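To start, the structure under review is shown below, and the notes come after it.
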DNA sequence: CAAGTTAAGAGTCTTAGGGACACTTAAAGT
DNA sequence: ACTTTAAGTGTCCCTAAGACTCTTAACTTG
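Protein chains in written order, with my numbering: chain A, 8 to 249; chain B, 8 to 249.
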């Protein structure tokens, strides 16, 4: 076999001569709504796990997807109308038994977007829904999607401890209190607002828009911020307490 | 199709009716030797990239491998004779173009082991070699294995900043200076020995064997340590400076 | 309109732990 | 015995997080 030239080898190569395995890309899409963390679930229209709720995602389209990220974004855009502003790979899970059809590997991503960035009307279709993450974790989901949500949530928690990545679950402009509340929801723990604001000043990856929030509420009107480019990569030297 | 029962669907399911893609598992195996970080490379015996050096790894064996970790360990044990004491998934890379045979995904792991734990005689075979990581990165390797080594190294650097994971590249017993030197090599930066020792005491994941090193050298004879179980999971709250 | 209430945001003290560097200790070499 | 070298300790400084208080600017209510 290794006597062949590479050209001849490739010309005669046919993937169907080999035992291949299934490869899928699934994403855990988070957003924040009313101070709660939500996750997007999709009702399966096919076997296996027909009619079960599961993660948005699916097989790689060897024609259309140029790489794994593109595949994740394609499936997410199909459901939400947009490519989410933050996408990060969590891990891959593969085993002989996780899919009844055979050896199957899935690459899990998690994504963040603002609820209002969703351009499709999710309430009007019955096979896609936003569900509080805690609630999703109590359902019986397709495949091992529950563990995948747990892993994504764990990663997001770590990120909340040493970065400002969660900001991508907020709209274009937001207040520091909104961001702090989001971190608190993710971590399941309250944060000293002074510490939080000091960290934001230190990180220098957010900027004031100059406007104040127009939302009328009781106290002082909070300043609005937006993210600078590169905010996703900032890492604090010290973690918040956990 | 969704009218079918699940049983009927699975009975008639044949993976070869679909456009599948290639799935491989590759590992970057690091060890330390003479104060330098080494990586295990394997010379390819098959097309494509015949005779190029690349990472140990390969296709999933749908019969023998129960999951991705087992697949990584199997390929590593074939070359080194042992399952490495530390194995961690780095990321997955997949695209239409990374393999000339078609759409291909690879799950990259990195592993750590002591050089002396290697039970095969690597010097006596000519298709496997330990190479300093810096040197490996200057070679033209198979596929995108160079980027994979870079990603693994980057992950290992992060781990060296906030954990004691690199300890798994040392033998069963080791001195704190050896561990510190290893961290310094990985980070490319010297560390204050006082800080390093304080962190080790704080972490409480190493224990003294009670013995002193028998290696005869000039100065005071250093104490020997071993890792406690669970050392891999310890995370410091503060990073070392980078 | 003045007083009260609420949330945003600043001031300041404490505290944990890393950086820097001098010092001590125990081995080998001369 | 004296020097050299590496292991290991003592101690001061400094950064940044935690805790708590105080101020500011909006609203609500009598």
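Note that CB positions come from ideal geometry on N, CA and C, so glycine has one too. Computed from a predicted structure; not experimentally measured.
**Q.** residue 184 of chain B versus residue 97 of chain B: straight-line alpha-carbon distance, rounded
**A.** Distance between the alpha carbons of residue 184 of chain B and residue 97 of chain B: 28 Å.
Q: Between the Cα of residue 47 of chain B and those of B:159, B:56, B:169 and B:106, spot the shortest distance and give me the residue it belongs to.
A: B:159
Q | Partner residues on chain A for residue 23 of chain B, Cβ-Cβ distance less than 7 Å | A | 23
Q) residue 13 of chain A touches chain B at which residues, Cβ-Cβ below 9 Å? A) 54, 55, 56, 57 and 107
Q. For the putative contact between residue 37 of chain A and residue 176 of chain A, defined by C-beta atoms under 8 Å, what is the C-beta separation to the nearest angstrom?
A. 6 Å
Q) Do three or more CB pairs link the segment 130-145 of chain B to the segment 102-116 of chain B at distances below 8 Å? A) no
Q: Kindly indicate which residue of A:144, A:234, A:181 and A:208 has the alpha-carbon position closest to the one of residue 35 of chain A.
A: Closest in C-alpha terms to residue 35 of chain A, from the list A:144, A:234, A:181 and A:208, comes A:144.
Q: Could you check what DSSP says for residue 214 of chain A in three-state terms: helix, strand or coil?
A: strand
**Q.** As assigned by DSSP and simplified to three states, the class of residue 118 of chain A
**A.** Residue 118 of chain A: strand per DSSP, three-state reduction.
Q) Quick check: the segment 87-107 of chain B against the segment 62-76 of chain A, are there 3 or more CB pairs under 8 Å? A) yes
(Q) Assuming residue 83 of chain B and residue 52 of chain B are in contact, meaning their beta carbons sit under 8 Å apart, how far apart are those beta carbons, in whole angstroms? (A) Rounded, the Cβ-Cβ distance is 17 Å, inconsistent with contact.
Q: For the segment 24-37 of chain A, enumerate the residues whose C-beta is nearer than 9 Å to any C-beta of chain B, in chain order.
A: 25, 26, 27, 28, 29, 30 and 32
Q) Less than 7 Å separating the beta-carbons of residue 127 of chain A and residue 87 of chain A? A) yes
Q.
Taking CB distances under 7 Å as the criterion, tell me whether residue 10 of chain B reaches chain A.
A. no
Q: State buried or exposed for residue 123 of chain B, treating a residue as buried only when at least 16 other CB atoms are found within 10 Å of its CB.
A: Exposed, because fewer than 16 other Cβ atoms sit within 10 Å of the Cβ of residue 123 of chain B.
**Q.** Collapsed DSSP secondary structure at residue 50 of chain B in the structure displayed
**A.** DSSP, read as helix, strand or coil, puts residue 50 of chain B in strand.
(Q) Taking the straight line between their C-alpha atoms, what separation do you get for residue 166 of chain B and residue 173 of chain B? (A) 8 Å
**Q.** Of the residues A:42, A:182 and A:66, the one placed nearest residue 215 of chain A, counting alpha carbons only
**A.** A:182
Q. What residue range is occupied by the uninterrupted alpha helix (DSSP H) comprising residue 19 of chain A?
A. 13-19
Q: Output the distance between the C-alpha atoms of residue 189 of chain A and residue 247 of chain A, rounded to the nearest integer angstrom.
A: 14 Å
Q: Name, please, each residue of chain A whose Cβ falls closer than 8 Å to the Cβ of residue 245 of chain B.
A: 244, 245 and 246
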